[in-house]
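One rule links them: number in this note's numbering = place in the sequence shown (from 1) + 1.
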Amino acid sequence: MPCVPGKCYGQPGPVGLYDPTYESDACGVGYVVNIDGIPSHRVLRDAQTMLIRMEHRGACGCDNNSGDGAGVLTAIPHKMYKNKMKSEGVELPDPGLYATGIIFTNPEDLEKAQQLFTDFGKKVGVEVITWRNVPVCNEKIGSVAKTSEPAIRQVFVKGSKDGEEFKRQVYMLRKYSCHHIPKETSRFYVCSLSTETIVYKGLLTTSQLWEYFSDLHDPEFETHIALIHSRFSTNTFPSWERAHPQRVLAHNGEINTLRGNCNLMKAREGVMKNDVFKDKLSMLYPVVEEGMSDSGCVDNVLEFLCMTGGRSLPEAVMTMVPEAWQNDKYMPAEKEAFYRWSAFGMEPWDGPALLTFTDGRYIGAILDRNGLRPSRYYVTKDNFMYMSSEVGVTDRKPEEVIQKGRLKPGRMLLVDTKLKTFLPDEQLKKEIANLRPVGKWLSETISMAELRGAHDPKLTLKHEIKYQDFGHGGCVEEDPRLPLFGYTIEALNLLVLPMIRDKKEALGSMGNDAPLACLSQFNPLVFDYFKQLFAQVTNPPIDPFREKIVMSLACPVGPEHNILEPSAEQCRRLWLEQPILSLWDMEVLKHTTHKGWKTKVLDMTYPTKDGQAGLLPALKQLCQQAADAAEDNKLIILSDRNAGPDNIPISSLLAVGAVHHYLINEKLRMKVGLVVETGEAREVHHFCTLLGYGVDAICPYLVFETIKHLREQKLLDPPLADEEIYMNYRAACARGISKVMAKMGISTLHSYKGAQIFEALGLSQEVIELCFEGTASRIGGVDFKVLSQEAINRHDVAYCERKGDNILVMNPGQYHWRDGGEKHINDPMSIANLQEAAKTNSKDAYGRFSESAWESTKKCSLRGQLEFIDADKAIDISEVEDAKFIVRRFCTGAMSFGSISYEAHSTLAIAMNRAGGKSNTGEGGEDSERYLNEDPQFNARSKIKQVASGRFGVTSSYLTHADELQIKMAQGAKPGEGGELPGYKVTKGIAKTRHSIPGVGLISPPPHHDIYSIEDLAELIYDLKAANPEARISVKLVSEMGVGIVASGVAKGKAEHITISGHDGGTGASSWTGIKNAGLPWELGISETHQTLVLNNLRSRVVLQADGQIRSGRSTILF
């Protein structure tokens, strides 16, 4: 989620399926600093060399001459400015007594913008000294850059003689003007406004920057720091504003949790206070300016913490980007205490990122907790430091270097030019950790053990469960709450029981061919309308098990105190190691009065008599009740315990989303913790959506009560005790939640909560606006009336009198086909017709297969909802392309040798070669015998050879014997996940093909370990092209929101072919959570990709392909 909504000049608004808030970028960053703080022109020239040598980490637009953005941040060159302004009759004050900055606007708005800026300055006590036209030369910049080239003005201002007060005045002026002037003009952007630093940047290449700004080749331009940046954007839309550096940082990477971080910064406005700014603090809101990229948002918050939060720049950076401290047994106690205390005040801004930062005094860099961006540095004998995204960017000789190294995960480089020191990470963080008595403050922390100890057992309520006895049916029918909350026998057997028995989710395979929730006829839950987003190309997924040290589910819960005034109050919160609560813990939280805590339980049901119209008023009433309760309670519990014959439960996801967003908008969310007690949630996906939309903890009471009932009926094997049931289920949930977070490259639940890493599929805007603000729902559809009716239908099944059993309702076949139940694309009739057609080569049988397959497709997929519009007059058949040419476009799915047998794998290749199409090896490689001995009739060579994360079977011979080389970035069956072939399946033949050892298990990691960003992919594309110049280079992506934007970056990386895989195909094994709930239909993905490439003028560069349950001529034509 790399951008926040809002106006950004040069960026189009949403068009078709394209949404600019999903823009991504990757970059090259670096800095040069004289550690002694001595300014010189050499620093600028060395920065120029560094930036130009990282040109390959940037990119050009569709005109091949407009850069994606380049810039440099330096100290204010006072000597140069003083002389230039003196020649214009203006005398500048001494350094520190004036501030300056460069502003982008449009020529027609120039006079108005300057006047508004001057007027705003007077409000905060700042006087404009003068305006200056920044000299530029635009002769060599690209046509795209010229179309949006701004009028560039430089402003000089003065104010209070007190240096610190003046800095605050300047900060208020910049924030206030950035909030208000864009509303009065078509364009207004302040690159920087500071007493210490200046930013030069634009929609330029790394070499154009130095020619465009005349100031940058003036010998009098002297600085002791220079921070540079080269941008590789996934689009080609012109945006001078999106270039880096920002005001205090430059950034290579992505913040995956951006939406949640920004929402919580907005919510903090309700609890933040500052004794210096006082009532003027509101002038700085919102902290995150509209239309910002992810780096712009980080820059906004970082600057805010430094200016208002009593933190130095390095401490603020540590607060926002902490190390992986939760599982580090060797971390010093004082540093762990600091990070734990920081966690009570702010969640991590999580994602793969290298952040470089400076305020004029400090300059440094920090790497994310996973270390997923490159960073190298040198220190020379003459006390210069060079840091960049790679080596080879400076002309300094080896004998001049006295220290060199790479930045490690979570570690910080820092130079203090005032004290003239380069501080090692250990020393720096030790000093910061000891600034305050955080160890003492942490004693105020509240734990569940502490609450349990203070709980009076007499207050615990025993909930009466009314079972029904129909004299027929199974034990599941005895509890009417199960059908009320949408439980099925399948869900219990395939999902819940394996979690309790094995402490992990059960695996499924062969993709998902069931209907989308919006097409289901069996009253799907609201959870089912949401699809998990995942990382691909611009951002790597994580392996949550082999990289367990960086993962954490621990979170603080309860009211958050003022982050701007560090104190023990910030620690007075409940610390939970994981979010799943037991029945006992739920009762403890309901009745706690420990340390003055109070809990308000809100009823999450509405009267049955209100009917279909009752849901929406009940939701709005619940939101208002939560707002009232937030004023004098520490916890709010949303509970559907009252559901029964007279009350219909509100979907827990609707309730949580609506309340969470309502409290944010009312600036109340940080005053209270939010817990849900629900009978509805039982799967990992359910828990992830609840957490993703803002809940702090969950008690799935019906799971525990149902399993206990099964045990009493001797249907639980082994008959586990209550504590074992809870602990096993909790472990399975923790494992599953970690896996879902890791798909998106997110390490901590603290960051994942409220981050909304989902797309809704088939929900109307009225539902999104009330409950899931900011979530994409591109096809619309189901509104509150439909959701209410589905809840009523489930209630009727649970409580209406009936003579027959509920066996079909309780087992509708959502996972496996069942006669009379949920429809599936792979239904028995279609399979039978296909087998007959294949065995008999009968056109009639194939016609029946085509017809039955299309009927199934209509009931299950988006493409099935489309109808052909017949032309008034048919064209002559002679004008239609011959079938023998059409089939050349056909390809098999990428099924590896190992996932299917050798016979099946080779037969597919032979068939496609005979037909003139292409078969795909999948990620398991291909035996050299198949491509070195090409029999004309039995040619088993696969024309498409895949290069995946495990690199199985990839040799120089393998690469050179391909017509197409496909880089698999994600897999439709399990996007964001890796694969595993157990050792017992690794036969001698498979081991030989994959160049491994028989009997030893093989793992495909979730990410390519040499691809962590878009420019890394571009390098692999280049390498494969060098290995086989005749082969077409393809990149395989999976359909999700923003895939078109990723595809634009792939096209700019010189790929010639892009495959968009749908969510419903694939043979790969994965957890049911991944199979059912990750990825989107290829119909959306291919449409978005096509539209976005056309918008970017890149469509002619690539061939597009789709895969996923395409099985007839109708589907092919729709594609």
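All C-beta atoms, glycine included, are put in the ideal place defined by N, C-alpha and C.
Predicted model only: the values in this text are computed from it and were never measured.
If the five residues before and after R374 are omitted, its C-beta is found closer than 8 Å to the C-beta atoms of N253, G254, P353, A354, L355, L368, S390, Y1013, S1014, all from its own chain and listed in chain order. In chain order, I708, L711 place their CB closer than 7 Å to the CB of L717, counting only its own chain and leaving out the 5 sequence neighbours on each side. With three or more CB-CB distances shorter than 8 Å, the segment 435-455 counts as touching the segment 595-612.
A residue is called buried when at least 16 other Cβ atoms come within 10 angstroms of its Cβ; L933 does not meet this threshold and is exposed. The Cβ atoms of G97 and G164 sit closer than 9 Å to each other.
Look at G68 here: in three-state DSSP terms it is strand. Within the segment 364-411, complete beta strand (DSSP E) segments of at least 3 residues are found at 377-381, 385-389, 402-407, given in chain order.
By the Cβ test, the segment 309-320 is not in contact with the segment 718-729, since fewer than three Cβ pairs between them sit closer than 8 Å. For S583, the secondary structure class from DSSP, reduced to helix, strand or coil, is coil. The segment 579-591 makes no contact with the segment 620-630; the number of CB pairs closer than 8 Å stays below 3. Between R260 and D351, the alpha-carbon positions lie close to 11 Å from each other. Judged by DSSP secondary structure, E924 falls outside any alpha helix (DSSP H); it is assigned neither H nor E. Per DSSP, K80 is not a residue of any beta strand (DSSP E); the alpha helix (DSSP H) it occupies stretches across 79-87. Under the rule that a run must span 3 or more residues, the beta strand (DSSP E) segments found entirely inside the segment 227-303 read 250-254. By the neighbour-count criterion, in which a residue is buried when 16 or more other Cβ atoms sit within 10 angstroms of its Cβ, H996 is exposed.
Unbroken beta strand (DSSP E) stretches of 3 residues or longer found wholly inside the segment 588-617: 600-604, 606-608, given in chain order.
Beyond the five residues adjoining it in sequence on each side, C556 comes within less than 6 Å, by CB distance, of L577, L750, H751 in the same chain, given in chain order.
Within the segment 711-796, the runs of alpha helix (DSSP H) at least 4 residues long that lie entirely inside it are, in chain order, 723-744, 750-753, 766-772. Restricting attention to E185, L228, M86, the CA atom closest to the CA of A71 is found in L228.
Within the same chain, M319, K430, I433, A434, V439 come within 8 Å of F339 by CB-CB distance, once the 5 residues on both sides are set aside. For G102, the closest of K159, S851, K123, Q469 by C-alpha to C-alpha distance is K159. For L194, there is no enclosing alpha helix (DSSP H), as DSSP marks it with neither H nor E.
Just so you know, the alpha carbons of L174 and M386 end up roughly 34 Å apart.
With a cutoff of 9 Å on beta-carbon distance, L1038 and I1061 are scored as near each other. Per the coordinates, the alpha-carbon of R437 lies some 10 Å from the alpha-carbon of W342.
With respect to the C-alpha of V392, the residue from E400, D383, G406 having the closest C-alpha is G406. Annotation: the segment 138-218 contains the following complete segments of the alpha helix (DSSP H) (minimum length 4 residues), in chain order: 144-148, 164-185, 209-213. Taking a contact as a CB-CB distance under 8 Å, the pair T207 and V44 does not count as one, their CB atoms being some 17 Å apart. Counting along the chain, R1033 sits inside the beta strand (DSSP E) bounded by residues 1033-1039. Taking C-alpha positions only, E924 is separated from R1100 by approximately 28 Å. Taking C-alpha positions only, K859 is separated from Q866 by approximately 6 Å. DSSP places M347 in no alpha helix (DSSP H); its state is neither H nor E. Within its own chain, the residues whose Cβ lies closer than 7 Å to the Cβ of Y286, once the five positions on either side in sequence are excluded, are E270, listed in chain order. Boundaries of the alpha helix (DSSP H) harbouring K441: 439-442, taken from the DSSP string. In the three-state reduction of the DSSP assignment, R133 falls in the strand class. Judged by DSSP in its simplified three-state form, K1055 adopts coil rather than helix or strand.
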